[in-house]
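Engineer: First, the structure itself, so that you have it in front of you.
There are 2 protein chains.
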Amino acid sequence: MNNIPELEILFELADVFKVFGDSTRLRILYTLFDGERSVGEIAEALGMEHSTISHQLRVLRTNKLVKIRRDGKQIYYSLDDDHVKKIIEMGLDHVLE
Amino acid sequence: MNNIPELEILFELADVFKVFGDSTRLRILYTLFDGERSVGEIAEALGMEHSTISHQLRVLRTNKLVKIRRDGKQIYYSLDDDHVKKIIEMGLDHVLE
DNA sequence: TGAACATATGAATAACTGTTCATATGTTAA
DNA sequence: TTAACATATGAACAGTTATTCATATGTTCA
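Protein chains in written order, with my numbering: chain A, 74 to 170; chain B, 74 to 170.
Here is the structure:
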């Protein structure tokens, strides 16, 4: 696959990687590796403000990396895509040499 | 692999994805998919300033995504790592649904 | 040595991004 | 309806980043 994608696609591709390029979002995604979690659970697990987590979850959701399920007052987030784990593990391989 | 990596590793991981999260750098990497290219060749292929390309090549090199070979006045850049293509293709899979 | 070329670097600027604080929306149970 | 809770949103701020311009380094050939 040596064809260079359309510029439009390249911008989208860069956008996807940008989403992975923040440690808070990576930590959120790792938290979801074990299964769905509510906003409060994630915030507590990471020791961060609910508001921060909520903002970042929106970024993840806009980019279709996570999906939601409402259950009463809570909203449960989970990974939306099989690629998510694979992309992160590829990146980790690179970091670990 | 559900263990969350050390925070230190997570920061490095985020840094790696940040490098992929820019369309200019992605275009440079794609240009190198076919083999090594000089700075001037890359700049011309992308229609951008040599200086811009040089700055971005340094980012790519610092993060060990490309390596160099000097030949006379030119410096030839090439992909340093098999992961590079794989990571990009994984991301592309996600973008293309 | 010098001129011409290829690449790198530093400073400056504009645009973008993550977090916080304050406030709003939406849900449940009384 | 109200109170209490869970989550979302908007504005503001500080920090980061990509590009440009100007200049420097390094290489070749005469």
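Cβ coordinates follow ideal geometry from the N, Cα and C atoms, glycine included.
Please return the same chain residues whose Cβ sits closer than 6 Å to the Cβ of T104/B, not counting the five positions on each side in sequence.
Structural biologist: Position 31 of the second sequence, counted from the start, is the residue given in the question as residue 104/B. Around T104/B: R110, I115 and A118.
Engineer: Can you look up L105/B in the DSSP assignment and give me helix, strand or coil?
Structural biologist: Your numbering for residue 105/B matches position 32 in the second sequence. The answer is helix: DSSP assigns L105/B an H, G or I state.
Engineer: Do you know how far the Cα of G120/B is from the Cα of Q147/A?
Structural biologist: If you number the first sequence from 1, residue 147/A lands on position 74. If you number the second sequence from 1, residue 120/B lands on position 47. Roughly 50 Å separates the two Cα atoms.
Engineer: Which runs of the beta strand (DSSP E) fall wholly inside the region 123-151 of chain A and span at least 3 residues, in chain order?
Structural biologist: List check, beta strand (DSSP E) in window: 139-144.
Engineer: Measuring only between beta-carbons, confirm whether S151/A sits less than 7 Å from chain B.
Structural biologist: For the purposes of this step, residue 151/A is taken as residue 78 along the first sequence, with counting starting at 1. By this cut-off, S151/A is not an interface position.
Engineer: Hey, how far is the Cα of L169/B from the Cα of L152/A?
Structural biologist: In the second sequence, the residue the question calls residue 169/B occupies position 96. In the first sequence, the residue the question calls residue 152/A occupies position 79. Going by the C-alpha atoms only, they are around 17 Å apart.
Engineer: Going straight from the alpha carbon of R134/B to that of P78/B, what length do you get?
Structural biologist: Here residue 134/B corresponds to residue number 61 of the second sequence, with the count starting at 1. Here residue 78/B corresponds to residue number 5 of the second sequence, with the count starting at 1. Answer to the nearest angstrom: the Cα atoms are 24 Å apart.
Engineer: On the premise that V89/A lies in contact with H167/B, defined as a C-beta separation below 8 Å, what is that separation, rounded to the nearest angstrom?
Structural biologist: Translated into positions along the second sequence, residue 167/B becomes position 94. Translated into positions along the first sequence, residue 89/A becomes position 16. Indeed, because the Cβ distance is near 6 Å, the residues count as touching under 8 Å.
Engineer: Between which residues of its own chain and E122/B is the CB-CB distance below 8 Å, once the five residues before and five after are set aside?
Structural biologist: Position 49 of the second sequence, counting from 1, holds the residue named residue 122/B. Excluding residues within five positions, the ones whose Cβ falls inside 8 Å are A116.
Engineer: Along the region 84-99 of chain B, what residues have a CB closer than 9 Å to any CB found in chain A?
Structural biologist: So the close ones are F84, E85, L86, A87, D88, V89, F90, K91, V92, F93, G94, D95, S96, T97, R98 and L99.
Engineer: Taking CB distances under 7 Å as the criterion, tell me whether G120/A reaches chain B.
Structural biologist: Here residue 120/A refers to the residue found at position 47 when the first sequence is read from its first residue. Not an interface residue.
Engineer: Could you tell me which residues DSSP puts in a beta bridge with S111/A?
Structural biologist: If you number the first sequence from 1, residue 111/A lands on position 38. Answer is Y149/A.
Engineer: Quick check: is the beta carbon of D144/B nearer than 7 Å to any beta carbon in chain A?
Structural biologist: Translated into the one-based positions of the second sequence, residue 144/B becomes position 71. No, because no Cβ of chain A sits closer than 7 Å to the Cβ of D144/B.
Engineer: Assuming the contact rule is C-beta atoms closer than 8 Å, Y150/A and V132/A should be a hit. Round their C-beta distance to whole Å, please.
Structural biologist: Counted from its first residue, the first sequence places residue 150/A at position 77. Counted from its first residue, the first sequence places residue 132/A at position 59. So it is not a contact: roughly 12 Å between Cβ atoms.
Engineer: Please name the residue, chosen from E162/B, V112/B, I160/B and L130/B, that lies closest to D144/B on a Cα-to-Cα basis.
Structural biologist: Locating residue 144/B in the second sequence gives position 71, where the first residue counts as 1. When each option's Cα is compared against that of D144/B, the closest is V112/B.
Engineer: Span of the alpha helix (DSSP H) holding M163/B?
Structural biologist: Translated into the one-based positions of the second sequence, residue 163/B becomes position 90. Element bounds for M163/B: D155 to V168.
Engineer: Report yes or no: is there a C-beta of chain A within less than 7 Å of the C-beta of L165/B?
Structural biologist: Working through the second sequence from its first residue, we reach residue 165/B at position 92. It does: the Cβ of L165/B has a partner Cβ on chain A nearer than 7 Å.
Engineer: Exposed or buried, R100/B, counting other C-beta atoms within 10 Å across all chains shown (16 or more means buried)?
Structural biologist: Reading the second sequence from its first residue, position 27 is the one you call residue 100/B. By the neighbour-count rule (16 or more Cβ atoms within 10 Å), R100/B is buried.
Engineer: Please list the partners that K159/A has in chain B, where partner means a Cβ-to-Cβ separation under 7 Å.
Structural biologist: The count along the first sequence starts at 1 and reaches residue 159/A at position 86. The contacting residues are M163.
Engineer: Closest by CA to L102/B, which one among R142/A, N76/A and T97/A?
Structural biologist: Position 29 of the second sequence holds residue 102/B. Nearest option by C-alpha distance: N76/A.
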